[in-house]
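In the numbering used here, each residue's number is its place in the sequence shown (first place is 1) plus 2. C-beta: ideal position from N, C-alpha, C; glycine also.
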Amino acid sequence: MLNNAGITDPQTALALNGINPAFCLIGAVLGARMTDIVGRRPLLLYTTVFALCCFAILTGTSKLSIDNPSNTAAANTTAAFIFNSGIIFSFGWTPVQSMHIAETLPTAARAKGTEIGGFASSPASTVIQYSSGPAFENIRYYFYLVLVCSGTSPKQCSSISPFWKLKIVHWKN
């Protein structure tokens, strides 16, 4: 991502990648505190909107920095919004990931739902981890748009709606 942003110096990339987890940790701790103050749903909604705005800005500034490698302002802005989107995700999504599945399911299905969520999360994380490198090489900054469009499509949201209507079978001993 930093190469697409025009940041090719290894020392700068190392410094930026080294400080990013510390900022994400601060964001996650502050987000955990804000879940009690603001509430989970508003926190998720607002941080999703802010993350989408970051991705939109990120896409435009990435294009500018790739089209004109001497445009350091675009490269620096791209790097800033790469890390801003990570901090925003840590602020809004990290604190509620574990409890969101459990709280949306009926009491009898919470443990199973949490397990299915964890089971589905592992392959999804593996796919994105290994596909993002080739995607950035081949489609460059358009990959941000692919992420945003694939994560917010109405078809994807409606395809999981039957899951919430499933009846849970209670087995008696």
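field: Cβ neighbour criterion (16 or more within 10 Å) applied to S67
entry: Numbered from its first residue, the sequence shown carries residue 67 at position 65. Buried, since its Cβ has 16 or more Cβ neighbours within 10 Å.
- request: Out of L4, P44, L32, G29, point me to the one whose CA is closest to A17's CA.
  value: Position 15 of the sequence shown, counting from 1, holds the residue named residue 17. Measuring from the Cα of A17, the nearest candidate turns out to be L4.
- prompt: Can you round the beta-carbon distance between T61 and Y143 to whole angstroms, since I take them to be within the 8 Å contact cut?
  reply: Reading the sequence shown from its first residue, position 59 is the one you call residue 61. Reading the sequence shown from its first residue, position 141 is the one you call residue 143. With 8 Å as the limit, T61 and Y143 qualify as a contact, their Cβ atoms being about 5 Å apart.
field: Minimum C-alpha distance to L147 - residue among C55, N22, T106, G29
entry: Within the sequence shown, numbered from 1, the residue matching residue 147 stands at position 145. Closest by alpha carbon: C55.
Straight-line Cα distance separating V98 from R42: Numbered from its first residue, the sequence shown carries residue 42 at position 40. Numbered from its first residue, the sequence shown carries residue 98 at position 96. R42 and V98: Cα-Cα distance of roughly 7 Å.
task: Measure the beta-carbon distance from G29 to S100 and round it to whole angstroms, keeping in mind my assumption that it falls under 8 Å.
output: Counted from its first residue, the sequence shown places residue 29 at position 27. Counted from its first residue, the sequence shown places residue 100 at position 98. The pair is not a contact, with the Cβ atoms about 16 Å apart (cut-off 8 Å).
message: Using the Cβ count rule (16 or more neighbours within 10 Å means buried), how would you classify I141?
response: On the sequence shown, residue 141 is found 139 positions in, with the first residue counted as 1. Classification for I141: exposed.
field: Environment of N70 [buried if 16+ CB atoms lie within 10 Å]
entry: Within the sequence shown, numbered from 1, the residue matching residue 70 stands at position 68. That one is exposed.
field: Collapsed DSSP secondary structure at N140 in the structure displayed
entry: Within the sequence shown, residue 140 is the residue found at index 138, counting from 1. The three-state secondary structure of N140, taken from DSSP, is helix.
message: Given a cut-off of 8 Å on the beta-carbon distance, is the pair C26 and I118 in contact?
response: Within the sequence shown, the letter at position 24 stands for residue 26. Within the sequence shown, the letter at position 116 stands for residue 118. With contacts defined by Cβ atoms closer than 8 Å, C26 and I118 do not form a contacting pair.
Residue from P44, R35, I9, A82 with nearest C-alpha to F57: Here residue 57 corresponds to residue number 55 of the sequence shown, with the count starting at 1. F57 has its Cα closest to that of A82, out of P44, R35, I9, A82.
field: Helix, strand or coil at S72 according to DSSP, with G and I counted as helix
entry: On the sequence shown, residue 72 is found 70 positions in, with the first residue counted as 1. Note: S72 maps to coil in three-state DSSP.
query: Looking at C-alpha atoms only, which residue of M36, T106, A111 is the closest neighbour of N94?
result: As a first step, residue 94 is located in the sequence shown; it is residue number 92 there, counting from the start. The amino acid at residue 94 is misidentified as Asn; the sequence shows Gly. The shortest C-alpha separation from G94 is found at M36.
- prompt: Whose C-beta lies closer than 7 Å to the C-beta of L107 among residues of the same chain, with five residues either side of it excluded?
  reply: For this step, residue 107 is matched to residue 105 along the sequence shown. If we look at L107 and ignore the five residues flanking it on each side, its Cβ neighbours are G115.
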